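Trainee: Supplied in structure tokens, the structure appears directly below.
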Amino acid sequence: MWLEESLSKTEYRTDSDVPEVEFDTIQASNHDNEGKNTMFNQAFEQLHENAHNIFRSRDERLWRVKYLDMDSIDQGGPYRDSITAMCSDICSSHLPLFVLCPNGQNNTGQNRDCWIPNVFPPNKPISNKFKKQYQFIGQLMGMAIRKKHYFNVKFPILLWKKLIGEEITMKDIEEIDIQSFAIIKEMKINLEQSQSIDGDSEINYLCTSIMNELRFDVISSSGQTYELIPGGENIPVTPRNFSEYCKRYREYRLNEFGRPIEYIRQGLCSIIPYGCLTLFTANELEEAVCGKGEIDVALLKRNTVYLGDYNENSPHIQQFWTIINEMFDESQKKLFLIFVWGRSTLPILDKDFKSKFKIQTISHDDNHQIDQMLPSELH
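The numbering used here puts the first residue of the sequence shown at 334, with every later residue one more than the last.
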């Protein structure tokens, strides 16, 4: 496959050891407004300077995890768990990089679980720290494509379209903010009616009343008010300048997330050659980064190995798969994977399983306490 050949040719080859990343989970539980304590920021501070090389490495695991104050040996589980934790931070209020979309905030319309890039004042630069963090997110996406360590995030289609250079539409915006164009659509209809019904005083009064409330400004997707033109907060919308207002409004909405997404794209292209990205549609890129979303139990079962006294025909094993397949919903399957394997998504194909899912018999003689094998709470 041309994509795989291209990724192979752009691998980063080094004799250096895999870097160790230290995580303080107790610190991560103390949330702050800037997200400094998050697992994401802890990884960012230790990896971002050389991420453009590390994330192109041929190694299966790109860093080793050391959890401070925890007795864990990274044989794959802590590494996968760290990726899951970073994804949880990205799509949350713990970081100032993304916000829940307006449909989610208002509990209306579609895609209420989608997170959108935070909105910054259009006439001010974005801080270098935020630029680098968005770029790091793009690099993590590139890592997901290369290593099939899928990224459990929920972004709207407009983000994926922008990453491959495809223009977004009003419909894309309405899918995350059903009210985004409601006012100008209503005003346009009223103006057309007032023009077709010459001198209708009621319609003219309605148009005038609505316009008296409008200025050349806009409420952003994250709730701030920004001027569409200099001094716009003091410029009323009138029938004469309504077309200009609509033009400015549309331009703002269609480009509202342009800068953060461009930084994400820059990071992504430092890991995946841009020529490769042009092969994807927006939906295909989302699947390449995030996986299929649903847990394919049959796929997991085919890539499971049994150790000790168990085999695929053991009664306990058959009961186990029946419970997972028939009694767990999708959210429970994801929680199960996170608990036992440190990941919430599966590779798409059998060949992408670099490590198998393992079910092992635990000895229960007098010298081996079964309860000690269970996770313990940190105090």
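Ideal placement from N, C-alpha and C gives every residue a C-beta, glycine not left out. Note that the structure is a prediction, hence the values are computed from the model and not measured.
1. Specify, as a first and last residue, the run of the beta strand (DSSP E) that K689 falls within.
2. According to DSSP, which residues form a beta bridge with D550?
3. Please state the DSSP three-state secondary structure of K521.
4. Which one of P411, T637 and P455 has the shortest CA to CA distance from G591?
5. Helix, strand or coil for S709, going by three-state DSSP, please let me know.
6. Tell me where the alpha helix (DSSP H) around I396 begins and ends.
7. For the beta strand (DSSP E) holding Y730, just list the boundary residues, first then last.
8. When you compare the region 595–610 with the region 474–493, are there three or more beta-carbon pairs, one atom per stretch, that lie closer than 8 Å?
9. DSSP three-state label for F388, please.
10. May I ask you to verify whether the region 425–438 touches the region 370–382, counting CB pairs closer than 8 Å and requiring at least 3?
11. At what residue ranges does the region 415–454 contain a whole run of the alpha helix (DSSP H), taking only runs of 4 or more?
12. Kindly indicate which three-state DSSP category F463 falls into: helix, strand or coil?
13. Going by DSSP in three states, S569 sits in which element: helix, strand or coil?
14. Going by other Cβ atoms of all chains shown within 10 Å of its Cβ, with 16 needed for buried, is R479 buried or exposed?
15. My guess is that I695 and Y643 are in contact by the Cβ rule of under 8 Å, so how many angstroms apart are they, rounded?
16. My understanding is that I470 touches F613, with C-beta atoms under 8 Å, so please give their C-beta distance in whole angstroms.
17. On a CA-only basis, which of N658, D446, G442 and K689 is nearest S421? Give me that one, please.
18. Flag this pair as yes or no: are the beta carbons of I509 and N451 separated by less than 7 Å?
19. The beta strand (DSSP E) with E353 in it runs from where to where?
20. Can you say whether P411 is buried or exposed, counting buried as having 16 or more other CB atoms within 10 angstroms of its CB?
21. Between the C-alpha atoms of P458 and V486, what's the straight-line distance to the nearest angstrom?
Mentor: In terms of the structure at hand:
1. Premise fails: K689 is in no beta strand (DSSP E) and is neither H nor E.
2. E560
3. helix
4. If we check each option's Cα against that of G591, P455 comes out closest.
5. Low local confidence applies: a pLDDT of 48 at S709 is under 50, so the model's placement there is unreliable, and no value is given.
6. Here residue 396 is Trp; the residue named in the question, Ile, does not match the sequence. Per DSSP, W396 belongs to no alpha helix (DSSP H) and is neither H nor E.
7. This structure does not reach residue 730, given that the chain is present from 334 up to 712, and the question cannot be answered.
8. Touching, yes.
9. coil
10. yes
11. Taking 4 residues as the minimum length, the alpha helix (DSSP H) runs contained wholly in the region 415–454 are 435–439, in order along the chain.
12. helix
13. One detail in the question is off: residue 569 reads as Pro in this sequence, not Ser. Correct three-state label for P569: strand.
14. buried
15. No, I695 and Y643 are not in contact; Cβ-Cβ is about 10 Å, not under 8 Å.
16. In fact, because the Cβ distance is near 17 Å, the residues do not count as touching under 8 Å.
17. Ranking N658, D446, G442 and K689 by Cα distance to S421 puts D446 first.
18. no
19. For E353, the uninterrupted beta strand (DSSP E) run begins and ends at E353 to F356, by DSSP.
20. buried
21. 26 Å
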